[in-house]
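J.: One structure is given below, represented as structure tokens, and several questions about it will come after.
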Amino acid sequence: MAGGDRLGALDMATREGEKIMPKFTAITLRIALVQFLAGSTLGAVLLVHKSGVLAIHTYAATREAHFHVLCFGWLVQLCVGMSFWILPKFVSESKAFHGTKTLAVGAIIALNFGVLSSFFTSRLSWLFYAVAAVLFVFHIWPRVKPFSNSHKPESI
Amino acid sequence: MPTITRLFIKTGLIYFLAACSLLVFDSVFANGNLWLTPTWLHLFVVGWISHLIFGVAGWMFPKHSKETPRGNEKLGYAGFFLLNLGLVIRAVFEPLSGHGWYPVALVISALTQWLAAIALVLWIWPRVKGKK
């Protein structure tokens with residue numbers, strides 16, 4: 001494995017990376033990465049507060065935001081973006097489709113509104129997350145199916 | 001599977017085991033007072049899930065270029081080192097709130113984990129490439 005390691009498996013994963021991800025996935029993952037940084041920053045502030053070196057007056061609100069940004073803004077958003085890319089697509093003669101893209105876009109918009117509103121009130125966040133969940137499930141449900149013979153997945 | 005991916009995933013698996021063990025210990029011996037919760041929760045989310053995500057992303061995401069297919073791997077290794085340094089310091093000192101090193105240790109842990117997040121995002125960001 002050591003000799004062929006340099007390119008050995010990247011290739012298994014992305015056919016030497018020649019394939020690129022859909023624009024929707026790229027946008028979603030970039031938003032998720034930004035929120036990973038934001039959530040980590042909030043986490044660092046909370047840990048410094050816990051050390052007693054620096055006290056913040058909005059500890060409870062910061063902890064709440066830390067949870068929402070990392071759990072929903074980072075992890076859930078990553079799952080939505082990746083599933084849009086790697087799950088089986090619908091194949092026509094000329095191209096592959098990712099399903100009803102409007103539903104996926106709606107899910108991401110609702111998800112991010114949920115994360116943003118967590119800075120003000122978490123009740124509104126949960127409402128947005130529920131909308132996002134419904135839209136996402138309606139989008140992804142038909143794509144949970146076997147790969148068709150004529151269409152190999154981009155990433156496997 | 002590339003070396004850096006194996007490193008991330010195997011380390012993540014160790015954290016997964018550690019988090020589960022600590023959770024069992026906390027549930028059985030803490031008598032309802034889960035004082036280790038922040039520790040096992042972060043071992044699980046940062047130690048297990050984050051290692052898994054960045055390890056697999058480093059493997060599966062579109063290649064950066066022919067010369068450097070996995071992008072700047074030094075950033076990946078730097079992120080790995082900082083993340084583990086911060087996480088281990090946190091896991092050791094967080095339950096020891098009366099210890100003299102407690103404040104300094106938590107500040108160092110916060111700083112190293114934050115720098116790790118920056119390094120890991122800088123490593124993966126150029127490989128998030130969408131169709132035009």
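Chain order of the listed sequences is A and F.
Note that this note's numbering numbers the first sequence so that position 135 is 135, with each residue one more than the last.
Note that this note's numbering numbers the second sequence so that position 110 is 110, with each residue one more than the last.
Idealized CB from N, CA, C, for every residue including glycine.
1. Taking only the alpha-carbon atoms, compute the straight-line gap between A:Ser117 and A:Leu124 and give it to the nearest angstrom.
2. Closest to F:His55 by CA distance: which of F:Leu111, F:Lys129 and F:Leu13 is it?
3. Identify the residues that DSSP records as bridge partners of F:Met1: which are they?
4. What residue from A:Trp141, A:Gly81 and A:Leu37 has the CA that sits closest to A:Phe90's CA?
5. For A:Lys145, I'd like the list of residues in its chain whose CB is within less than 7 Å of its CB, leaving aside the five on either flank, ordered along the chain.
6. Quick one: does A:Ile56 have its CB under 7 Å from some CB of chain F?
7. With DSSP as the reference, label F:Gly130 as helix, strand or coil.
8. To the nearest whole angstrom, what separates the beta carbons of F:Trp52 and F:Ile9, a pair I think is in contact under 8 Å?
9. Note down, in chain order, each residue of its chain lying with its Cβ closer than 8 Å to the Cβ of A:Glu18, except the 5 sequence neighbours on either side.
10. Straight-line CA distance for F:Ser50 to A:Gly52?
11. Just list the residues that DSSP pairs F:Met60 with in beta bridges.
12. Where F:Glu67 and A:Ala104 are concerned, what is the direct C-alpha to C-alpha distance, given to the nearest angstrom?
13. Locate the alpha helix (DSSP H) running through A:Arg30, then write down its first and last residues.
14. For A:Leu111, which residues in chain F fall below 9 Å Cβ to Cβ?
15. What is the DSSP secondary structure of F:Leu21, counted as helix, strand or coil?
16. Do three or more CB pairs link the region 33-41 of chain A to the region 60-75 of chain A at distances below 8 Å?
17. So, does the region 74-82 of chain F touch the region 90-106 of chain F, judging by three or more C-beta pairs under 8 Å?
18. Between the region 121-129 of chain F and the region 88-99 of chain F, do at least 3 Cβ pairs fall closer than 8 Å?
19. Kindly say whether F:Leu106, judged by its beta-carbon, lies nearer than 7 Å to any beta-carbon of chain A.
20. Going along chain F in order, which residues have a C-beta closer than 8 Å to the C-beta of A:Arg30?
21. Do you know whose CA, among F:Leu43, F:Arg6 and F:Pro2, lies nearest F:Leu17's CA?
22. Mind listing the chain A neighbours of F:Trp35? Cutoff is C-beta to C-beta under 8 Å, in chain order.
23. Exposed or buried, what is A:Ala55 when buried is set at 16 or more other beta-carbons lying within 10 Å of its beta-carbon?
24. Spell out whether any CB of chain A is found under 7 Å from the CB atom of F:Lys74.
T.: Based on what the coordinates show:
1. Distance between the alpha carbons of A:Ser117 and A:Leu124: 6 Å.
2. The sequence as given places Gly at residue 55 of chain F; His does not occur at that position. Comparing Cα positions, the closest option is F:Leu13.
3. Note: F:Met1 sits in no beta bridge, so no partner.
4. Minimum Cα distance to A:Phe90 is reached at A:Trp141.
5. Pro88
6. no
7. strand
8. According to the sequence provided, residue 52 of chain F is Leu. The question's Trp does not apply to it. About 6 Å separates the two Cβ atoms, so the contact holds.
9. Summary for A:Glu18: the model assigns pLDDT 44, below 50, so the residue's position carries little reliability; its value from the coordinates is reported in the next sentence. Listed in chain order, the non-local C-beta contacts of A:Glu18 below 8 Å within the same chain number zero, local neighbours out to five positions each way being set aside.
10. 27 Å
11. Its beta-bridge partners do not exist; DSSP assigns none.
12. Rounded to the nearest angstrom, the two C-alpha atoms are 35 Å apart.
13. Lys23 to Ser51
14. Per Cβ cutoff of 9 Å: no residues; A:Leu111 is ~17 Å from chain F at best.
15. Before going on, a small fix: residue 21 of chain F reads as Ser here, not Leu. Note: F:Ser21 maps to helix in three-state DSSP.
16. yes
17. no
18. no
19. At least one chain A Cβ lies under 7 Å of F:Leu106.
20. Trp125 and Val128
21. F:Leu43
22. Neighbours of F:Trp35 on chain A: none; closest Cβ ~13 Å, over 8 Å.
23. exposed
24. Output row for F:Lys74: interface = no.
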